[in-house]
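Q:
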Amino acid sequence: MSSLTLTPAEQALLDGADGPGVQRAMEIVATLGRIYGAPDLVPVKHVQIAGVSYKNLGDAGVEFLNEWAGEGAKVRVPTTLNPAGMELDRWQEMGFSPDFAKPQLSAINAFVNMGVTATMSCTPYLFADFAPQRDDHLAWAESSAVAWANSVVGARTNREGGPSALAAAIVGRTARYGYHLDENRRATHVVEVTCPVESIADFGALSYVVGKAVGDGAPYFADLGAWLPPLPADPTLGGDAGDRLKTLGAGLAAYGAVALYHVAGFTPEARDQGEKLLRPDAKRLVVDSLAAGYEIMDANPETSEIDLVTIGCPHASITEFRRIAEILRGETLATRLWVTTSQITRARAAREGLVEIIEQAGGEVVADTCAVVAPMRSLGIRSMATNAGKMACYAPMHSGVAMRYGTLEQCLQAAISGKWS
Ligand code: F3S
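Residue numbers (the numbering used here): 648 to 1068.
(1) If you check the beta carbons only, do His1010 and Leu984 fall under 8 Å apart?
(2) Arg832: which of Gly921, Arg1029, Ser768 sits nearest, CA to CA?
(3) May I ask which residues mark the beginning and end of the beta strand (DSSP E) holding Pro927?
(4) By DSSP, does Lys721 sit in helix, in strand, or in coil?
(5) State the DSSP-derived secondary structure class of Leu704, mapped to helix, strand or coil.
(6) Among the residues of its own chain, which have a CB less than 6 Å from the CB of Ala757, if the five just before and after it don't count?
(7) Check whether the Cβ of Pro961 sits closer than 7 Å to any heavy atom of the ligand F3S, and report yes or no.
(8) Let me make sure I understand the geometry here. Which of Gly903, Ala1049, Lys859, Leu925 has the alpha-carbon closest to that of His909?
(9) Roughly how many angstroms separate the alpha carbons of Trp874 and Glu916, rounded to a whole number?
(10) When you compare each of Leu932, Ser936, Pro1043, Pro810 to Met673 by their alpha carbons, which one comes out closest?
(11) Within its chain, find whatever has a CB closer than 7 Å to the CB of Ile1004; leave out the 5 residues flanking it on each side and keep chain order.
(12) Given Val676, which residues of its chain have a CB within under 8 Å of its CB, disregarding the five upstream and five downstream residues?
(13) Residues in its own chain within less than 7 Å of Glu845 by CB, not counting five upstream and five downstream?
(14) What's the gap between the Cα of Pro655 and the Cα of Pro779?
(15) Hey, is Thr987 close to the ligand F3S, as in C-beta under 7 Å from one of its heavy atoms?
(16) Taking 7 Å as the cut-off, does the CB of Val1020 come closer than this to any heavy atom belonging to the ligand F3S?
(17) Would you mind stating whether Val1019 and Met1038 have Cβ atoms separated by less than 8 Å?
(18) For Phe868, which beta-bridge partners are listed by DSSP?
(19) Between the region 716 to 735 and the region 749 to 767, do at least 3 Cβ pairs fall closer than 8 Å?
(20) Report the partner residues of Lys1066 according to the DSSP bridge assignment.
(21) On the DSSP letters alone, give me the boundaries of the alpha helix (DSSP H) that Pro1043 sits inside.
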């Protein structure tokens, strides 16, 4: 451990000047700083808390949160929440049991009592009020959002844990180490992709191939920009490039432990620094096929009956809604479809008439949760189809479901016919 310098104000919080809840938070932040050799703490602009679902928290987690809230701790910076285990307003009609709902609501109340905004979404970067700016220091705990903030925006965050993110929110600071420092933002691997990467599903398959190869490294994609149209002027729309990159970052974090990647000529640091971003010992990786990704994600090729098609991992953007509505207009679904998103994006999609088109076809637009953090087996779901790499990685693991993986068009076709073909 190295020496961590605290300002007099930070030391006062550590000594309990603002009460035991704040003291507990400063103890967590300072301890992490010492463990990781941080010289000091850095103020953060925004915090994103993960581990919100009762499925992950359990009774001990809910009790811990209520105890912390009971100590009077309040967040000092804008702070938002990851998806919960159910849609908060419609859990009864969606079939969630009161045994799950009661502790889930208790956890959300504890967060809200601490001043957290209950957005229940993994895409805070799609919200006008919270979208980060380049060089902002953040404390984000959602791995897919961490990859987005560091890579697409050029903001700075480590991959926080649930308690460390909440602690950072309560003291408004995090320890300055890891991705907060320039020297750790250089690329460990140059990745050349020589095969076509056209759809969101292709970007998910690519995330498997690269994530497995680079682990917790920082890949520099030398030529991926050729498969990315420009980002929209309004980044909260998502856009075709945004939707591909959010699935890429989510999968890189799920199959590897990537928190930062660069795309030559496209992401901000790569635009400014080009190959100067490469570490001298950067390794070279050539990807000439996505087959290994498709093979692992389309894990149960023998499964043709699909209980649930799930789109929106990370949570669906307006651009995805437009594409889904275009395909489903006038159709009638034979199996359940969840388009998972935030309340904020759902309201925006409703204003464009997109929610109505999906619901008229028989699909559900589900806010606040997703098919990984919701208790899917207790909802009777045994098989799923998705176009999202992270969903294909975690849903079988967390919910024991059979998984089919393919493009958005294939998934929606399965929802229409009830079968994967
Ligand atoms: Fe978000 Fe759930 Fe995927 S939290 S990134 S939709 S697994």
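Beta carbons are placed, not taken as given, at the ideal position from N, Cα and C, and that holds for glycine.
A: Quick look at the numbers:
(1) This sequence places Gly at residue 1010; His is not what is there. Against a cut-off of 8 Å, the Cβ pair of Leu984 and Gly1010 comes out as a contact.
(2) Gly921
(3) 925 to 934
(4) coil
(5) helix
(6) Leu712, Asn713, Ala716
(7) yes
(8) Leu925
(9) 19 Å
(10) Pro810
(11) Ala972, Leu975, Arg976
(12) Leu688, Ser811, Ala814, Ala815, Val818, Arg820, Thr821, Ala822
(13) Trp874
(14) 29 Å
(15) yes
(16) yes
(17) yes
(18) Val838, Val910
(19) yes
(20) Glu952
(21) 1036 to 1046
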